[in-house]
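In order, the protein sequences belong to chains Y and H.
Per the working numbering, the first sequence starts with residue 2, numbered consecutively.
Per the working numbering, the second sequence starts with residue 359, numbered consecutively.
Beta carbons are placed, not taken as given, at the ideal position from N, Cα and C, and that holds for glycine.
Since this is a predicted model, take the numbers as computed values, not measurements.
Since the structure comes first, as structure tokens, the remarks are kept for the end.
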Amino acid sequence: MNFLALIGRVVLAFLGHMGRLTLFTGTALSHCVRPPLYPRLIGKQMIDIGYYSLPVVGLTAIFSGMVLALQSYTGFARFAAGSETAVANVVIVSLTRELGPVLAGLMVAGRIGASMAAEIGTMRVTEQIDALTTLSTNPFKYLVVPRIIAGTLMLPLLVLVADIIGVFGGFVVSVYKLGFNPAAYISNSYDFMQALDVISGLVKAGVFGFIIALMGCYAGYHSKGGAQGVGAATTNAVVSSSILILTFNYIITELFFGT
Amino acid sequence: MNTIPQIRLRDVKKSFGAKRVLAGIDLDIAKGESVVVIGGSGTGKSVLIKCIIGILQADSGLIEVDGQDVLHVPAGNRDAINRKFGMLFQGGALFDSLPIWENVAFGLMQREHMSRKQGKERAVETMAKVGLSADVAELSPAELSGGMQKRVGLARAIAGNPEIIFFDEPTTGLDPIMADVINDLIISVVKNQGMTALSITHDMHSARKIADRITMLYEGKLIWAGDAKDVDNSGNPYVDQFVHGKAEGPIKMQVRR
Numbered sequence: 002m003n004f005l006a007l008i009g010r011v012v013l014a015f016l017g018h019m020g021r022l023t024l025f026t027g028t029a030l031s032h033c034v035r036p037p038l039y040p041r042l043i044g045k046q047m048i049d050i051g052y053y054s055l056p057v058v059g060l061t062a063i064f065s066g067m068v069l070a071l072q073s074y075t076g077f078a079r080f081a082a083g084s085e086t087a088v089a090n091v092v093i094v095s096l097t098r099e100l101g102p103v104l105a106g107l108m109v110a111g112r113i114g115a116s117m118a119a120e121i122g123t124m125r126v127t128e129q130i131d132a133l134t135t136l137s138t139n140p141f142k143y144l145v146v147p148r149i150i151a152g153t154l155m156l157p158l159l160v161l162v163a164d165i166i167g168v169f170g171g172f173v174v175s176v177y178k179l180g181f182n183p184a185a186y187i188s189n190s191y192d193f194m195q196a197l198d199v200i201s202g203l204v205k206a207g208v209f210g211f212i213i214a215l216m217g218c219y220a221g222y223h224s225k226g227g228a229q230g231v232g233a234a235t236t237n238a239v240v241s242s243s244i245l246i247l248t249f250n251y252i253i254t255e256l257f258f259g260t
Numbered sequence: 359m360n361t362i363p364q365i366r367l368r369d370v371k372k373s374f375g376a377k378r379v380l381a382g383i384d385l386d387i388a389k390g391e392s393v394v395v396i397g398g399s400g401t402g403k404s405v406l407i408k409c410i411i412g413i414l415q416a417d418s419g420l421i422e423v424d425g426q427d428v429l430h431v432p433a434g435n436r437d438a439i440n441r442k443f444g445m446l447f448q449g450g451a452l453f454d455s456l457p458i459w460e461n462v463a464f465g466l467m468q469r470e471h472m473s474r475k476q477g478k479e480r481a482v483e484t485m486a487k488v489g490l491s492a493d494v495a496e497l498s499p500a501e502l503s504g505g506m507q508k509r510v511g512l513a514r515a516i517a518g519n520p521e522i523i524f525f526d527e528p529t530t531g532l533d534p535i536m537a538d539v540i541n542d543l544i545i546s547v548v549k550n551q552g553m554t555a556l557s558i559t560h561d562m563h564s565a566r567k568i569a570d571r572i573t574m575l576y577e578g579k580l581i582w583a584g585d586a587k588d589v590d591n592s593g594n595p596y597v598d599q600f601v602h603g604k605a606e607g608p609i610k611m612q613v614r615r
């Protein structure tokens, strides 16, 4: 009996969460298209999310590109000689389609999602969100909308940079470690690059940016109970946005490339 | 009374899940009057204020401000009502990402689309009213002491010249001298500008000083109301116990939730 009650409780809690999240998303989206917007705050968030994430995203991308080149070379060497074209191909396709958006998304989820949840959560428990309301300011417009807009716009840009840096990482390893011809590597990469690969990656990035900002804001907005609550909100934001990123990664891949 | 009270509450109820916090509140506050609600911690005093101000939605009952029903107001008019309100939060609730002057001028810049330069001038003027000098304007809230933060909170609450101002535990967490300074400030800003004030506190010294009228909230109801000077001989055992701070009496503290 207790076991059944437990299942019921978990299911109810889950449904409650889903309901609140749906309402939250709806409210946030409706405020995204109704003035006033706060350009100043959107700009500040764009710098926070875009510019300050460049080092961590860049480092992730360069090492991913490097390891991709190395791994695919050692892998292909078992089957055939002359794997130069294959390495360039693997590097560019896997980076633009998958690794660029997913790794950048996960890194930004850790960096930005957590800080959004912590900041908004602290504002919630110290009544700053209530104070906004009393000062004729809609907390959604002031806190949530700028983050969502900035996240959705900046992640594709970050991923574009990550793609370029990642290919460069692959190039460095191929040329300086594996002794490929640099001109041939570049022309191979260029030949294999397809618009759809890059575009699908950027679409993913936009969706991931939306998810990161949404989950960070949602977790913070609904946090309660002081420092512990804010801590829990931070964890929830990172875990749930990471899982959603991986889920939506599959769904978008299916939409673009599924047969 | 032949005039419309500025705030009128009738049978206001609010529950959180199974827990009934407000079980039918009736309260009239006349224009320019200062009413203090006393009551123990966790008795729903903050909830009462938040229901009036619209941060929480009351479950049922009637809340009127200047004769206008604020519970069923279209979202567009909510803003016009909110302009009448100013609130000093318990912990100050200052925006810690903004400098002091932007905190004070926040409402002005939002509502009246005032430029930053104008906003800063108005902020400095308002800060002078609560005894803050212009050189703290550029500091961030974290650099100020608790008493100073309360003053900034007060300045922010009065910056928009509200008609009605709410004080949530204005003196809690301050030393007795700073508490009295805040009390004096509250009296001076409220009386000078003819504001209506609704305060909640469990600091009896503060309550006696700033109130025209005192009422006590206990188990979701206002069990007593009277002039501030009558609070010491209310004849109500609950009020007596609270005012004199005795552990023995009809109010049983819930040690366990």
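Selection from the options that minimises the alpha carbon distance to residue i
{"i": "Gly226(Y)", "options": "Leu245(Y), Met216(Y), Ile213(Y) and Arg125(Y)", "result": "Arg125(Y)"}
{"i": "Leu159(Y)", "options": "Phe257(Y), Ala110(Y), Leu42(Y) and Ser224(Y)", "result": "Ala110(Y)"}
{"i": "Ile93(Y)", "options": "Phe211(Y), Ser190(Y), Ala228(Y) and Cys218(Y)", "result": "Ser190(Y)"}
{"i": "Pro183(Y)", "options": "Pro36(Y), His18(Y) and Val88(Y)", "result": "Val88(Y)"}
{"i": "Leu22(Y)", "options": "Ala220(Y), Val91(Y), Ala105(Y) and Ile252(Y)", "result": "Ala220(Y)"}
{"i": "Val393(H)", "options": "Arg571(H), Phe600(H), Val601(H) and Glu527(H)", "result": "Arg571(H)"}
{"i": "Asp386(H)", "options": "Gly398(H), Glu422(H) and Lys371(H)", "result": "Glu422(H)"}
{"i": "Thr529(H)", "options": "Lys377(H), Leu543(H), Ile523(H) and His430(H)", "result": "Leu543(H)"}
{"i": "Gly27(Y)", "options": "Phe80(Y), Leu5(Y), Thr235(Y) and Ile149(Y)", "result": "Ile149(Y)"}
{"i": "Glu496(H)", "options": "Val488(H), Pro608(H), Arg514(H) and Asn461(H)", "result": "Asn461(H)"}
{"i": "Gln129(Y)", "options": "Gln476(H), Thr573(H), Lys478(H) and Gly511(H)", "result": "Gly511(H)"}
{"i": "Phe193(Y)", "options": "Leu71(Y), Thr97(Y), Val239(Y) and Ile113(Y)", "result": "Thr97(Y)"}
{"i": "Leu215(Y)", "options": "Pro37(Y), Thr153(Y), Ala70(Y) and Leu133(Y)", "result": "Thr153(Y)"}
{"i": "Asn440(H)", "options": "Lys408(H), Gly450(H) and Phe453(H)", "result": "Lys408(H)"}
{"i": "Ser270(Y)", "options": "Ile50(Y), Thr123(Y), Gly17(Y) and Pro147(Y)", "result": "Since the first and last residues shown for chain Y are 2 and 260, residue 270(Y) lies out of range."}
{"i": "Tyr53(Y)", "options": "Val174(Y), Ser116(Y), Arg79(Y) and His18(Y)", "result": "Ser116(Y)"}
{"i": "Val379(H)", "options": "Leu580(H), Asp533(H) and Gly477(H)", "result": "Leu580(H)"}
{"i": "Ser95(Y)", "options": "Val239(Y), Ala29(Y) and Gly202(Y)", "result": "Gly202(Y)"}
{"i": "Met67(Y)", "options": "Glu120(Y), Leu161(Y) and Val176(Y)", "result": "Val176(Y)"}
{"i": "Arg514(H)", "options": "Asp369(H), Thr559(H), Phe464(H) and Gly489(H)", "result": "Phe464(H)"}
Where residue i meets chain Y, residues with beta-carbon distance less than 7 Å
{"i": "Asn440(H)", "result": "Thr135 and Ser137"}
{"i": "Ile411(H)", "result": "Thr135"}
Which residues DSSP lists as bridging residue i, in chain order
{"i": "Phe443(H)", "result": "Ile522(H)"}
{"i": "Met574(H)", "result": "Ile396(H) and Trp582(H)"}
{"i": "Ala555(H)", "result": "Ser392(H) and Ile523(H)"}
{"i": "Glu422(H)", "result": "Arg366(H) and Asp427(H)"}
{"i": "Leu385(H)", "result": "Leu367(H)"}
Simplified DSSP assignment, three categories, for residue i
{"i": "Gln72(Y)", "result": "helix"}
{"i": "Ala583(H)", "result": "strand"}
{"i": "Lys610(H)", "result": "coil"}
{"i": "Asp369(H)", "result": "strand"}
{"i": "Arg615(H)", "result": "With a pLDDT of only 46 at Arg615(H), under the threshold of 50, the placement of this residue in the model should not be trusted; the figure read from the coordinates follows. Coil, per DSSP."}
{"i": "Phe181(Y)", "result": "coil"}
{"i": "Glu501(H)", "result": "helix"}
{"i": "Ser491(H)", "result": "coil"}
{"i": "Ala119(Y)", "result": "helix"}
{"i": "Val379(H)", "result": "strand"}
{"i": "Phe1(Y)", "result": "Nothing can be reported for residue 1(Y): it is not among the residues displayed for chain Y, which extend from 2 to 260."}
{"i": "Phe258(Y)", "result": "helix"}
{"i": "Phe374(H)", "result": "strand"}
{"i": "His563(H)", "result": "helix"}
{"i": "Gly511(H)", "result": "helix"}
{"i": "Glu128(Y)", "result": "coil"}
{"i": "His32(Y)", "result": "helix"}
{"i": "Met359(H)", "result": "Residue placement at Met359(H) is poorly supported in this model, since its pLDDT is 47, which falls under 50; the coordinates are not used for a value here."}
{"i": "Pro37(Y)", "result": "coil"}
{"i": "Ile413(H)", "result": "coil"}
{"i": "Glu99(Y)", "result": "helix"}
{"i": "Thr235(Y)", "result": "helix"}
{"i": "Asp598(H)", "result": "helix"}
{"i": "His223(Y)", "result": "coil"}
Neighbour list for residue i in chain H, Cβ cutoff strictly below 7 Å
{"i": "Ala132(Y)", "result": "Phe447 and Ala451"}
Neighbouring residues, chain Y, relative to residue i (Cβ below 8 Å)
{"i": "Gln468(H)", "result": "Leu136, Ser137 and Thr138"}
Contact set between residue i and chain H, taken where Cβ atoms lie within less than 9 Å
{"i": "Thr127(Y)", "result": "Phe447, Gly449, Gly450, Ala451, Leu452 and Asp454"}
Interface partners of residue i on chain Y, CB under 9 Å
{"i": "Phe443(H)", "result": "Thr135"}
{"i": "Glu464(H)", "result": "A small fix is needed here, since residue 464(H) is Phe in this sequence, not Glu. Correct list: Ala132, Leu133, Leu136 and Thr138."}
{"i": "Asp437(H)", "result": "Ser137"}
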